[in-house]
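Trainee: I am attaching a structure below and will ask some questions about it afterwards.
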Amino acid sequence: NSVGTGKAAISAEVLLVNSFDELEKRKDEVKDKIVFYNYKFNPTYVNTFLSYRDAGQYRGQGPSRASKYGAKAVIVRSLSHAADNHPHTGATRYDSAYEKIPAVAIGLRDADWMSEQLQKGSLKVTLKTNGYFLPDTIGHNIIGELRGTEFPDEIITIGGHLDSWDNCEGAHDDGAGCVQTIEILRAFKAIGYKPKRTIRFVLFANEENGLRGGNKYAEEAKAKNEKHLLAMESDAGGFTPRAIGFSGSDEQYAKVLSWKSLIAPYGCTEINKGGGGADIGPLNRALKTPTASLNPDTQRYFDIHHARSDVFEAVNKRELELGAVNMAAFIYLVDKYGL
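Here my numbering is used: the first residue of the sequence shown is -16, the next is one more, and so on.
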């Protein structure tokens, strides 16, 4: 979500930095340059979300931090392990204290090529981008509900987000979470399940660059003084399920941990401390609602994350279904036994 270059392209020499520390050390060289953040995904993490956490700051904060010292634009090495050349997009958060400058992501092959050229000498790049911001408009969350038969005022929310970046279909991020949410509702309806508590199935709007759907859902829940027992989210791709993440009190965690043997046969062999998601985070902050997440295998997720390779054909039906099964089992146990 970067500003564009305007009608004219930007041409300037490239300054490569591998970290913010290096940017600070070379701040006197930044003026009128295009800063190239070449921070690489850390391959030593087993959980690739930790690699994403470390690298994500360069996409998110990088443009403003370079603008502070007079940069004309920013190029970011894509946040990925993939040895392809697909740019991976994502959110940039401009600091209002500095001029908004254009930012682009490039694929790993191009990033490596630029790095090699800069080792030989200077490099001049011409950028022409057409990004611009439109006014806000009305969007919608999509909500389905199974009304509770014993405790209808206790609400369990489960969901994913509807939107994706415009360079991809968003099949894994987060089409998978949406389909799993719908599938759990379908399965409960198919077997005639009558929940004790009300279960809401929510497809959230505008997660990627504004979180408006999640914020509005939490705002409405607080205004109506609703009691939310749990919120669960699937937003990590439709890959093989490995674990359920849970955030709540120690007593609540001990309770859900006792269910591990009931869920393990379906693939989630662990119930780990720490679970949630962007869309359900506002509900936790507003109402202190415990949160949970489906944690699939992460090894391939950032190969396609926010890139044109995140397409329907990249989703494995079997893995997708297993994720829905594990979530359904967990939701069933929360509904049956409470927290």
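Idealized CB from N, CA, C, for every residue including glycine.
Only a predicted model underlies this, so the values are computations on that prediction, with no experimental measurement involved.
#1: Can you grab the Cα-Cα spacing for the pair Glu5 / Ile263, in whole Å?
#2: Give me the Cβ distance between Phe229 and Gly197, rounded to the nearest whole Å; I'm assuming they're in contact under 8 Å.
#3: Would Arg56 pass as a contact of Leu110 if the rule is Cβ separation under 7 Å?
#4: For chain B, is any of its Cβ atoms less than 7 Å away from the one on Phe3?
#5: What is the residue span of the beta strand (DSSP E) that Gly4 lies within?
#6: Which of the three DSSP states, helix, strand or coil, is assigned to Val317?
#7: Provide the residue(s) that pair with Ala86 in DSSP beta bridges, ordered along the chain.
#8: Kindly give me the distance between the Cβ atoms of Lys172 and Glu133, rounded to whole angstroms, as I take these residues to be in contact under 8 Å.
#9: Just to confirm the assignment, what range does the alpha helix (DSSP H) spanning Ala159 have?
#10: Roughly how many angstroms lie between the CA atoms of Asp93 and Val59, to the nearest whole one?
#11: Any idea which residues DSSP pairs Thr274 with across the strands?
#12: Run the CB neighbour count on Tyr22, radius 10 Å, all protein chains shown included, and call it buried at 16 or more, exposed below.
#13: Lys210 to Ile138, Cα distance in whole Å?
#14: Going straight from the alpha carbon of Leu303 to that of Ser63, what length do you get?
#15: What are the boundary residues of the alpha helix (DSSP H) that Pro46 is part of?
#16: Do the segment 141 to 159 and the segment 282 to 301 touch if we need at least three Cβ pairs shorter than 8 Å?
#17: Using DSSP's beta-bridge definition, name the partner residues of Lys256.
#18: Cα separation between Gln40 and Ile314?
#19: Going by CA-CA distance only, name the one from Leu(-1), Asn113, Ser2 that's closest to Gly(-11).
#20: In chain order, which alpha helix (DSSP H) runs of at least 4 residues are fully inside the segment 274 to 305?
#21: Buried or exposed for Thr120, going by 16 or more other Cβ atoms inside 10 Å?
#22: Excluding five sequence neighbours on each side, which residues of the same chain lie with their C-beta closer than 6 Å to the C-beta of Pro265?
#23: What three-state label does DSSP hand Arg92 in the structure shown?
#24: Count Cβ pairs between the segment 95 to 105 and the segment 71 to 83 that sit closer than 8 Å; are there 3 or more?
Mentor: Let me lay it out:
#1: 36 Å
#2: So it is not a contact: roughly 19 Å between Cβ atoms.
#3: Correcting the residue identity first, residue 56 is Ala in this sequence and not Arg. Yes, Cβ-Cβ distance for Ala56 and Leu110 is below 7 Å.
#4: The chain inventory of the structure shown lacks chain B, comprising one protein chain alone.
#5: A small correction: the amino acid at residue 4 is Asp; Gly does not occupy that position in the sequence shown. Taken as a continuous stretch (DSSP letters only), Asp4 belongs to no beta strand (DSSP E), being part of the alpha helix (DSSP H) at 3 to 8.
#6: helix
#7: Val57
#8: 19 Å between Cβ atoms; not a contact.
#9: Counting along the chain, the alpha helix (DSSP H) containing Ala159 begins and ends at 159 to 173.
#10: Between the alpha carbons of Asp93 and Val59 lies a gap of roughly 11 Å.
#11: Paired residue(s): Ala214, Ser230.
#12: buried
#13: 6 Å
#14: 22 Å
#15: 45 to 50
#16: Between the segment 141 to 159 and the segment 282 to 301, the count of Cβ pairs shorter than 8 Å is three or higher; the stretches touch.
#17: Phe229
#18: 34 Å
#19: Asn113
#20: 284 to 287
#21: exposed
#22: Gly197, Asn198, Ala201
#23: helix
#24: no
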